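Numbering-wise, UniProt numbering puts 266 at position 266 of the sequence shown, and it's gapless, one number per residue.
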Amino acid sequence: MKSLNDEKIWLSPPHIGEKERAYVEEAFDQNWVAPAGPHLKRFESSIKQYFNVGAVAALSSGTAALHLALINLGVSQGDYVLTQSLTFSASANPIRYLGAEPVFIDSEYDTWNLDPDVLEEAILDLKEKGIKPKAIIGVDLYGMPAKWVEIQNIAMKYDIPLIEDSAEAAGSTYMGKYCGTFGRMAVLSFNGNKIITTSGGGALLSNDWHIIEHARFLSTQAKDNAAHYQHSHIGYNYRMSNICAGIGCGQMEVLDNRVRRRREIFDFYFDTFKDTDGISLLVEPYGHYSNRWLTAILVDPEKTDGITREHLRLALESRNIESRPLWKPLHLQPVFENHLFYGSNVSQSLFENGLCLPSGSAMTDEQLGKIVSIIRKVLNNGAGELVHKVK
Ligand SMILES: *Cc1c(COP(=O)(O)O)cnc(C)c1O
């Protein structure tokens, strides 16, 4: 038998509550095993209530939600869309689905999100080239809210619609308002690794009821109102299933608990490393309340005797513990290498020095203790010995 010591510690595994199974069973009992049914409505209204937003469409993924958001703005072939470079590829892929050009913007050190100054610089430079971007996609990376007031002001000043990619930030707030409510539309993800999950799924949020109604129409194959199948739009099969929505209903009930535990985990890492030379963590600027989806550390090898984030990652891996570098900036990805980038090397340096540590809300204090003791040991013993041991 495997002992607890050998059990893999994942970065951010699903954490299911007590009700999810019952909701799913209810769907089976009523034969609502379909992309329609009572749980879908219920899940949507619980999101609407929690986020205090006008309307919500539950969809098959966060990526689908972003795709529909861009379609709503009329983004098409040859258009330009500004987005954060330091993020998951799904923040930019839907731009390419539509044949449009992503323009990547660097991050700032305060939040690791869109640098408002660079954003404005990019808009002005594009303006000189005769280009007006069709949209701005901002991200709340790892749950940390972006500087939405500044970003909204820029979006308004230049009359460019704003989309909030809040896939990682359910439960985070900025100036007392939930992430997922900034911008004309916002996107949530309920993928298996996110703070709450429906196994796979997402949602599009907006205060504009018409936008959401139309997204729902497009997400169910754009069927016109007729007895036969009549179509005057290109449709998509992007609706969430009633089964997944059942899981979502249960997960919404525990969202606040999940945020509390993730924040506790961040605090534990923070307290552990706050006096350690060369290790730093992202603190919340004024008005920013993060769900702390993932806790990441920055490792400065000049202050750790040459220990890099990769040394730490390999040491954790050798003990069956998953950790990951930060998202590799999209402007450095082969698939996006021919697109514009504005900024300096902030996102690149965050990527090179950052490591996301296991942050799952079901993690025990014992597991947390094990993780930090491995990191401490590597930091105390130096890189030379470690490389020898890991290889
Ligand atoms: C997860 C994620 C997405 C995509 O969501 P899916 O539900 O996996 O399609 C988009 N943007 C960011 C920043 C994400 O982390």
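Using N, Cα and C, we set each Cβ at its ideal position, and we do this for glycine too.
Owing to the predicted nature of the structure, the values given are computational and were not obtained by experimental measurement.
Just to confirm, does residue i get its C-beta within under 8 Å of one of the non-hydrogen atoms of ligand 1?
i	result
V372	no
N193	yes
F88	yes
I354	The sequence shown places Gly at residue 354, rather than the Ile named in the question. G354: no, Cβ never under 8 Å from ligand 1.
V139	yes
L326	no
residue 401	Here the chain covers residues 1 to 391 and nothing more, so residue 401 does not appear.
K68	What sits at residue 68 in the sequence shown is Leu, not Lys. No, ligand 1 has no heavy atom inside 8 Å of this Cβ.
Alpha carbon to alpha carbon, what distance is there between residue j and residue i?
i	j	result
R324	L350	13 Å
K391	E310	Unreliable positioning characterises K391 in this predicted model, as indicated by a pLDDT of 44, which lies under 50. A coordinate reading is not provided.
N207	N381	54 Å
A100	A135	11 Å
N113	E150	12 Å
V187	E164	6 Å
M1	K8	The predicted position of M1 is uncertain, since its pLDDT is 48 and thus under 50; no value can be drawn from it.
E352	A65	30 Å
Q333	M363	32 Å
S189	G202	4 Å
Could you tell me the boundaries of the alpha helix (DSSP H) in which residue i lies?
i	result
L314	R309 to S318
S219	W209 to S219
T295	No alpha helix (DSSP H) holds T295; the beta strand (DSSP E) holding it covers T295 to V299.
C249	N242 to F273
A122	P116 to E128
I279	Looking at the DSSP string, I279 is not in any alpha helix (DSSP H); the run it does join, the beta strand (DSSP E), is I279 to L281.
V378	D365 to N381
V149	W148 to K157
Can residue i be considered in contact with ligand 2, in the sense that its beta carbon sits closer than 8 Å to one or more heavy atoms?
i	result
S189	By its list of ligands, the structure shown excludes ligand 2, since it contains just ligand 1.
Give the range of the beta strand (DSSP E) segment to which residue i is assigned.
i	result
D165	L162 to D165
I105	E101 to I105
S199	Taken as a continuous stretch (DSSP letters only), S199 belongs to no beta strand (DSSP E), as it is neither H nor E.
L355	G354 to L357
G138	A135 to V139
Q84	Y80 to Q84
A27	Segment E20 to D29 is the alpha helix (DSSP H) holding A27; no beta strand (DSSP E) there.
Alpha carbons only, please: which of the options is nearest the one belonging to residue i?
i	options	result
I211	E302, G54, L255 and M240	G54
Y72	L282, L188, A155 and F217	Reading off the sequence shown, one finds Asn at residue 72, where the question assumed Tyr. Checking every option, the nearest Cα to that of N72 belongs to F217.
M252	E44, Y97, S359 and G37	E44
R51	M363, A170, L281 and S361	Checking the displayed sequence, the identity of residue 51 turns out to be Phe instead of Arg. Here the closest residue by C-alpha is A170.
R313	P161, S373, L357 and G278	L357
W209	T276, A34, P94 and K48	K48
Y269	L86, I247, P161 and I374	I374
A296	I307, R260 and L355	L355
I196	Y229, W293, D271 and Y178	W293
E302	E317, Y23, I279 and N291	I279
M185	A36, I371, V139 and E322	V139
Would residue i and residue j qualify as a contact pair, given that the criterion is a beta-carbon distance under 9 Å?
i	j	result
P133	L70	no
I220	N237	It should be noted that the sequence gives Thr, not Ile, for residue 220. Cβ distance < 9 Å, so T220 and N237 count as in contact.
L126	I154	no
L86	V346	yes
Q77	S107	no
C244	G180	no
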